[in-house]
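Residue numbers (this note's numbering): 1 to 160. Encoded as structure tokens, the structure appears first; notes follow it.
Here it is in structure tokens:
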């Protein structure tokens with residue numbers, strides 16, 4: 001599946017899937033609150049001050065299954081560097097719990113539709129879709145489609 005790396009206002013595409021900062025203002029991410037797999041409320045704003053990798057995905061999505069191993073690996077490599085991964089899925093809880101266990105996902109996995117439906121509010125029309133937010137909660141990057149490990153690391157590094 002092809003990947004579409006989309007820089008937001010305030011960034012320009014360099015032709016290699018990498019965005020660079022411009023002087024324009026960045027877009028503030030809309031806060032949300034959803035339930036995690038333990039039925040705890042988790043808000044995006046809980047992670048203010050950290051770079052957030054926000055991945056919208058589903059257990060039935062083949063590209064999501066391919067990229068998830070890299071996401072887990074990169075999450076573990078960057079968790080002590082102020083980077084927080086968050087997964088959002090609208091799967092049923094039992095399928096999600098099994099997938100999270102089978103793939104060793106150790107970052108928060110939130111249930112879209114548990115408190116609110118955020119995928120439509122965030123303009124998610126295809127999965128996987130990944131956003132990277134800076135510590136101020138501003139959207140630095142959006143990637144529609146599967147992300148490679150190198151793309152993910154490059155986007156995180158530019159956001160630190």
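Even glycine gets a Cβ: it sits at the ideal position worked out from N, Cα and C. These numbers come from a predicted model, not from an experiment.
Point to revise | Helix, strand or coil at residue 97 [DSSP, three-state] | key: The residue labelled residue 97 in the question sits at position 97 within the chain shown. In the structure shown, residue 97 sits in a helix (DSSP, three-state: H, G or I).
Review point. If you measure from the CB of residue 145, is any heavy atom of the ligand ZN nearer than 8 angstroms?
Key: This structure lacks the ligand ZN, and indeed carries no ligand of any kind.
Practice item. Determine the closest residue to residue 160 out of 147, 150, 136, with distance taken between C-alpha atoms. Key: Indexing the chain shown from 1 puts residue 160 at position 160. Of 147, 150, 136, the residue nearest in Cα terms is 136.
Check your understanding: Hey, is the stretch 44-58 in contact with the stretch 128-146, meaning 3+ C-beta pairs nearer than 8 angstroms?
Key -> yes
Review point. Can you list, in chain order, the residues of its chain whose CB lies under 8 angstroms from that of residue 69, leaving out five sequence neighbours each side?
Key: Within the chain shown, the letter at position 69 stands for residue 69. Counting only Cβ-Cβ distances below 8 angstroms, and skipping sequence neighbours, we find 103.
Check your understanding: What first and last residue would you give for the beta strand (DSSP E) that runs through residue 55?
Key -> Within the chain shown, numbered from 1, the residue matching residue 55 stands at position 55. That run of the beta strand (DSSP E) goes 51-56.
Practice item. Sort 125, 54, 44, 43 by Cα distance to residue 141 and report the nearest one. Key: Taking the chain shown and counting its residues from 1, one reaches residue 141 at position 141. Residue 54 is the option with its Cα nearest to residue 141.
Check your understanding: Which one of 27, 34, 28 has the shortest CA to CA distance from residue 116?
Key -> Counting from 1 along the chain shown, the entry for residue 116 is found at position 116. Per the Cα distances, 34.
Point to revise | Where residue 157 sits in the DSSP three-state scheme | key: Locating residue 157 in the chain shown gives position 157, where the first residue counts as 1. It is helical.
Exercise for review: Could you check the C-alpha separation between residue 66 and residue 98 for me, to the nearest Å?
Suggested key: For the purposes of this step, residue 66 is taken as residue 66 along the chain shown, with counting starting at 1. For the purposes of this step, residue 98 is taken as residue 98 along the chain shown, with counting starting at 1. Looking at the two C-alpha atoms, the distance is approximately 16 angstroms.
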